[in-house]
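Have a look at the structure below, then the notes.
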Amino acid sequence: MFLMKLRMSCLLLYWTLLFLACTTKQSTEAASFIYAGCSPNKYDPITPFQNHLNSLLTSLVSGASLASYNSYTSGDDSGSPPGMAAYGLYQCRNDLSAGDCSACVQSAVSQLGLVCPGSFAASLQLDGCFVRYSNEDFLGKPDTTMVYRKCGTVTSGDEAFFQRRDDLLADLQNGVSFRVSSSGTVQGIVQCLGDLNGADCSACLSQAVGQLKNACGSALAADVYLTQCYARYWASGHYFHTSADYTDGDDDIGRTVAIIVGILAGLALVVVFLSFLKRACKFSDPHPLLLDFLFSGSHG
């Protein structure tokens, strides 16, 4: 009976840990840092903007559990001094679950406070979500300014690769809002902000795809982020995972964020493992010495 309980508990523990590991990996990848931008103008904490911003960021986090995109306004500019209202939005990658979207936006909002303390305007892009706020109303206004670009260090002169990449980008460019596609061993993804109509989204993606080809040339992987859309492609085995995969120099913020997230995820997994193991191994009274050995810490 004891051995049967042990086998069942260990099997259940194995599948639980496997599930937690896969979930943690997906959430960690979604929270991978890509870029951040901060306005040089700083606000006085005693002004109304601080309260409006706090309210706005709370709304962003709350909304992310309900939808993959939303925008909010907190306060208005009718008072004095002007520029005290807060405008903001979040956008999750459409293939994220509601739970992962919520966790990603919460992580992005938390990082904004660390990366851009006191800024009147800021934006932060993680692998799975994007967050932006400002004291100026930018919501719904078309903007195709390039804000971030990275090109892989490994290149190719293979005509077959260029053909597959161009076929992929042509297919992605026709996507609306969000699209994932592949051509042979080349894969890619594009996404527009949720408030863009079809025509504006296509125009934004067209510019992003043009930047990928012109700026990154023969790179086997490339990312281009415009203000309201982004486009990415990568050949098999060349997906960007760390800042070391890029040509644009060191990314100290990204590495620091990745280290912190990795440590926290590892600690959480250890805590869950020990907690579950203690519950799983609480067998009947004939085996008190086993429990004492595992959990009392009194044995040398």
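Heads up: the sequence shown is residues -30 to -1, 1 to 270, going by mature numbering (1 follows the signal peptide of the UniProt record, and there is no 0).
Every residue gets a Cβ at the ideal spot worked out from N, C-alpha and C, and that includes glycine.
These figures come from a predicted structure and were not determined experimentally.
#1: Which residues bound the beta strand (DSSP E) around Ala92?
#2: Less than 8 Å between the CB atoms is what I'm expecting for Leu196 and Thr114, so what's the real figure, rounded?
#3: Using the beta-carbon count (16 or more within 10 Å), is Ile16 buried or exposed?
#4: Beta-carbon within less than 6 Å of Ser93's beta-carbon, same chain only, minus the 5 sequence neighbours each way: which residues are those?
#5: Touch check for the region 62 to 75 and the region 146 to 153: three-plus C-beta pairs under 8 Å?
#6: What are the partner residues of Thr43, as DSSP defines its beta bridges?
#7: On the DSSP letters alone, give me the boundaries of the beta strand (DSSP E) that Gln198 sits inside.
#8: Apart from the five residues just before and just after Asp220, which ones in its own chain have a Cβ nearer than 6 Å to its Cβ?
#9: Could you tell me whether the region 157 to 167 touches the region 30 to 49, where touching means 3 or more Cβ pairs closer than 8 Å?
#10: Looking at the structure shown, is Phe108 part of a helix, part of a strand, or coil, going by DSSP?
#11: Ala91 and Ser25 - do their beta-carbons sit closer together than 7 Å?
#12: Among the candidates His22, Ser104 and Cys199, whose CA atom is the shortest distance from the CA of Ser89?
#13: Tell me the DSSP secondary structure of Cys99 in three-state form.
#14: Starting from Gly127, follow the alpha helix (DSSP H) in both directions and report where the run begins and ends.
#15: Hey, quick one: how far does the beta strand (DSSP E) through Val160 stretch, first residue to last?
#16: Give the DSSP-derived three-state secondary structure of Arg135 in the structure shown.
#17: Could you please give me the residues that DSSP links to Val146 through a beta bridge?
#18: Could you check the C-alpha separation between Thr139 and Asp70 for me, to the nearest Å?
#19: For Tyr13, which residues from the same chain have a beta carbon less than 7 Å from its beta carbon, with the 5 sequence-adjacent residues on both sides left out?
#20: When the Cα atoms are used, what is the spatial distance from Leu30 to Ala130?
In short:
#1: Along the sequence shown, read from residue 1 onward, the residue named residue 92 stands at position 122. Where Ala92 is concerned, the enclosing beta strand (DSSP E) stretches over Ala92 to Leu96.
#2: Position 226 of the sequence shown, counted from the first residue, corresponds to residue 196. Position 144 of the sequence shown, counted from the first residue, corresponds to residue 114. Confirmed, Cβ separation roughly 5 Å.
#3: Along the sequence shown, one-based indexing puts residue 16 at 46. So Ile16 ends up on the exposed side.
#4: Mapped onto the sequence shown, residue 93 falls at position 123. Cβ neighbours of Ser93 beyond the five flanking positions: Gly7 and Arg102.
#5: yes
#6: Stepping through the sequence shown from its first residue, residue 43 is reached at position 73. Partner(s): Tyr57.
#7: Numbered from 1 along the sequence shown, position 228 holds the residue referred to as residue 198. Where Gln198 is concerned, there is no enclosing beta strand (DSSP E), given that its DSSP letter is neither H nor E.
#8: Along the sequence shown, read from residue 1 onward, the residue named residue 220 stands at position 250. Confidence is the limiting factor: at Asp220 the pLDDT is only 36, short of 50, which leaves the residue's position unreliable and the question unanswerable from this model.
#9: yes
#10: Numbered from 1 along the sequence shown, position 138 holds the residue referred to as residue 108. Coil, per DSSP.
#11: For the purposes of this step, residue 25 is taken as the residue at position 55 of the sequence shown. For the purposes of this step, residue 91 is taken as the residue at position 121 of the sequence shown. Contact flag unset, no.
#12: For the purposes of this step, residue 89 is taken as residue 119 along the sequence shown, with counting starting at 1. Taking only the C-alpha atoms, the option nearest Ser89 is Ser104.
#13: Residue 99 sits at position 129 when you count from the first residue of the sequence shown. Strand.
#14: In the sequence shown, counting from the first residue as 1, residue 127 sits at position 157. Element bounds for Gly127: n/a, residue is neither H nor E.
#15: Counted from its first residue, the sequence shown places residue 160 at position 190. Segment Val156 to Cys162, the beta strand (DSSP E) holding Val160.
#16: What you label residue 135 is simply residue 165 of the sequence shown in a count that begins at 1. Arg135 falls in the helix class under three-state DSSP.
#17: Counted from its first residue, the sequence shown places residue 146 at position 176. For Val146, which the question treats as bridged, DSSP gives no partner whatsoever.
#18: On the sequence shown, residue 139 is found 169 positions in, with the first residue counted as 1. On the sequence shown, residue 70 is found 100 positions in, with the first residue counted as 1. Thr is not the amino acid found at residue 139; the sequence shown has Leu there. Going by the C-alpha atoms only, they are around 27 Å apart.
#19: Your numbering for residue 13 matches position 43 in the sequence shown. Closer than 7 Å at Cβ, skipping near neighbours: Phe19, Gln20, Gly88 and Phe90.
#20: By 1-based counting over the sequence shown, the position of residue 30 is 60. By 1-based counting over the sequence shown, the position of residue 130 is 160. Going from the Cα of Leu30 to the Cα of Ala130 covers about 44 Å.
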